[in-house]
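Numbering of the sequence shown is given in the numbering used here, commencing with residue 312 and proceeding in unit increments. All residues carry an ideal CB built from backbone N, CA and C; glycine is no exception. Reviewing the structure listed below.
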Amino acid sequence: MNGCQVERATVTDAGELAQVYRSAYRENRRLGFPAKAESVTEDEVSEWVRENRVLVAVTEGELVGGVRLEETDPERVKLSRLGVRERQKGEGVGSLLLDRAERTARDCGYATVWLTTPEDHPYLPEFYRRRGYERTGTYPLEYRDYDEIVLEKQIR
């Protein structure tokens, strides 16, 4: 992705990042996989930035994507809220964010990155499998009509 920079988010990014998530996750609802991120607020994103490591992708001064890393134990980090503004999908922003998130996790000393995604999503499970993630289990969602799968990747 030409001219796209990935950097650590700050709370001043929260409003624009919330807009990115609402844009990015609209598609999932249309595909039958609604997610809370579709209605996330600036305050919620501010909290994520303060409590976790959140990375943003910026192109020509515009924030176009984001991803969150949450420590789940000293060796493992959960990758979540990978989202790209709808009009930038397919331009490599998601791959760039995933590369940087994995590198950040490795640099922070984690051995494993894990995530959840809908098993029947038309392209997300395969996107992660091509990137070296392997299914390790099921992640039940009591509040949805679908469950997700757990995918993991060893990064060291």
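* Does the Cβ-Cβ distance between A368 and L407 come in under 8 angstroms? -> yes
* **C-alpha gap between R364 and L435, whole angstroms** => 22 angstroms
* Asked: Which residue from T383, D384, A329, C315 puts its Cα closest to that of T370?
  -> C315
* To do: Identify which residue in E349, L374, E382, V461 has its Cα closest to the Cα of L452.
  => V461
* Asked: If we ignore side chains and look at the alpha-carbon of each, how far apart do D431 and A346 end up?
  -> 14 angstroms
* The beta strand (DSSP E) spanning L462 covers which residue range? -> 459-465
* To do: Determine the burial state of S350: buried for a count of at least 16 other Cβ atoms within 10 Å of its Cβ, exposed for fewer.
  => exposed
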